[in-house]
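Numbering (the working numbering), first residue to last: 288 to 680. Backbone N, C-alpha and C define an ideal beta-carbon position, used for all residues, glycine too. All values reported here derive from a predicted model rather than from experimental measurement. Below is one structure; the comments refer to it alone.
Encoded structure:
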């Protein structure tokens, strides 16, 4: 309704702008005629002759020239175009208003979509995006993104059995605010590789964003994902959201708490989930004191109290050597087993603490290479690297 009011006001303003020049009474404006000026000049010539300022012969020549110009001006004035009479101008103005209004309404009826509304990129439940691919579409020209999507679509028409291709297309749709199309593309990938938990969880998330809630169909997809990986955090999170939406607030809260307790120390999504759970607890008047894991808990691979005490007795050189040996050991473990997001996060954090920003940037590149094709893992790595201030993240 508001849209129609705005459009009506805009059309009215346009019509007023067109009609004002037509209905204005131009004849009321005082105008100085050239003929009157020339006649005045004739009188001045006579006055100058009487005062003996000019010769009679010269005065006669001036009179002849002025009279000639008077005749020319009278002829031009008689043939000048005149506007319509005032009564006719009013009808012309009304006709223009009608034409503008009808044309604008017809054009909007053919091309406009008043039923469309603005839809936020997140779901109504405030679903966090920590598990999604973290490539900012603003960093790419719109033409380049559109060209990439068109190229993927063309390739998949020729090779519809490419599950990774459908995943990449779905990821592109998500990054450009098209979750409904992303859900369909992820469904294609799931049909090709039905046991891939990443595809299932991503399909469910796309459906949740598209529908603005975790529907029963999306919940069924997340349940399938949990059968493949009972610890999948994204599926557990959205299923807890579904419980809360369907009225099982206590069950949802219990699942959220369990999810946070099982989260790896370096999980980039943990803080988002924790914030959501705390807000939900306030809304439901639930006391979570002592139920959530401490924000100050150390990483699982961190040193124990005995190791900390021993390190405190070392010299600065020995302590630095010990730290570097631990970091080198972690780097070696990741070289042997690169599919460890938590390990890469710990390594980048250690590099930045040691002031080795360039090496941290190299570690970040190696981590992304290790998870090539895994959009969720790369998103998590990028988010952590940015928070740590890793160069190039």
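With 16 other Cβ atoms within 10 Å as the buried cut-off, status of residue i
| i | result |
| --- | --- |
| residue 452 | buried |
| residue 624 | exposed |
| residue 571 | exposed |
| residue 398 | At residue 398 the pLDDT is 49, less than 50, meaning the model places this residue with poor confidence; the figure from the coordinates comes in the next sentence. Exposed, because fewer than 16 other Cβ atoms sit within 10 Å of the Cβ of residue 398. |
| residue 626 | exposed |
| residue 355 | exposed |
| residue 405 | Below a pLDDT of 50, predicted positions are generally treated as unreliable, and residue 405, at 33, falls in that range; the measurement from the model is reported next regardless. Exposed, because fewer than 16 other Cβ atoms sit within 10 Å of the Cβ of residue 405. |
| residue 408 | Confidence in residue 408 is poor, its pLDDT being 33 and thus under 50, which makes the residue's placement unreliable; the coordinate value appears in the next sentence. It is exposed - the Cβ of residue 408 has fewer than 16 other Cβ atoms within 10 Å. |
| residue 496 | buried |
| residue 640 | exposed |
| residue 341 | exposed |
| residue 531 | buried |
| residue 611 | exposed |
| residue 508 | buried |
| residue 592 | With a pLDDT of 49 at residue 592, under the threshold of 50, the modelled position of this residue cannot be trusted; read the value that follows with caution. Flag for residue 592 reads exposed. |
| residue 546 | buried |
| residue 566 | exposed |
| residue 466 | buried |
| residue 604 | exposed |
| residue 318 | With a pLDDT of only 46 at residue 318, under the threshold of 50, the placement of this residue in the model should not be trusted; the figure read from the coordinates follows. Answer is exposed; the Cβ neighbour count stays below 16. |
| residue 519 | buried |
| residue 554 | buried |
| residue 472 | buried |
| residue 680 | buried |
| residue 691 | Since the first residue shown for the chain is 288 and the last is 680, residue 691 is missing from the structure and cannot be characterised. |
| residue 441 | exposed |
Nearest to residue i (by Cα), restricted to the options the options
| i | options | result |
| --- | --- | --- |
| residue 478 | 465, 382 and 511 | 511 |
| residue 621 | 635, 661, 609 and 439 | 635 |
| residue 540 | 629, 563 and 485 | 563 |
| residue 505 | 514, 490 and 513 | 490 |
| residue 631 | 607, 608, 610 and 665 | 665 |
| residue 485 | 679, 455 and 613 | 455 |
| residue 673 | 663, 660 and 651 | 651 |
| residue 646 | 618, 657, 550 and 517 | 618 |
| residue 653 | 628, 528 and 642 | 628 |
| residue 529 | 616, 518, 519 and 503 | 503 |
| residue 569 | 464, 441, 536 and 448 | 536 |
| residue 542 | 607, 515, 578 and 514 | 578 |
| residue 575 | 386, 466 and 544 | 544 |
| residue 327 | 344, 343 and 353 | 353 |
| residue 549 | 580, 679, 644 and 482 | 580 |
| residue 447 | 474, 464 and 435 | 474 |
| residue 498 | 516, 337 and 468 | 468 |
| residue 516 | 357, 343, 482 and 434 | 482 |
| residue 633 | 330, 551, 514 and 443 | 551 |
| residue 348 | 434, 358, 329 and 464 | 329 |
| residue 501 | 533, 514, 442 and 513 | 533 |
Residue i - containing alpha helix (DSSP H), residue span
| i | result |
| --- | --- |
| residue 528 | 520-532 |
| residue 556 | Counting along the chain, residue 556 falls outside any alpha helix (DSSP H), and DSSP gives it neither H nor E. |
| residue 650 | 644-657 |
| residue 341 | That residue, residue 341, is in no alpha helix (DSSP H); it is neither H nor E in DSSP. |
| residue 628 | 628-640 |
| residue 504 | 503-515 |
| residue 541 | 536-549 |
| residue 466 | 466-479 |
| residue 493 | 484-498 |
| residue 663 | 662-675 |
| residue 452 | 450-462 |
CB contact below 8 Å: residue i versus chain D
| i | result |
| --- | --- |
| residue 531 | This model lacks chain D altogether; it includes just one protein chain. |
Rounded distance between the beta-carbons of residue j and residue i, thought under 8 Å
| i | j | result |
| --- | --- | --- |
| residue 655 | residue 675 | Contact doesn't hold; Cβ gap of about 14 Å is too wide. |
| residue 492 | residue 462 | With a Cβ gap of about 13 Å, residue 492 and residue 462 do not count as contacting. |
| residue 459 | residue 439 | 6 Å |
| residue 677 | residue 659 | Not really, about 18 Å apart at Cβ, beyond 8 Å. |
| residue 560 | residue 524 | 6 Å |
| residue 480 | residue 527 | Actually they are not in contact, since the Cβ atoms of residue 480 and residue 527 sit about 26 Å apart, beyond 8 Å. |
| residue 494 | residue 457 | Incorrect: roughly 11 Å between the Cβ atoms, too far for contact. |
| residue 671 | residue 637 | Not a contact, Cβ separation roughly 13 Å. |
| residue 346 | residue 335 | 7 Å |
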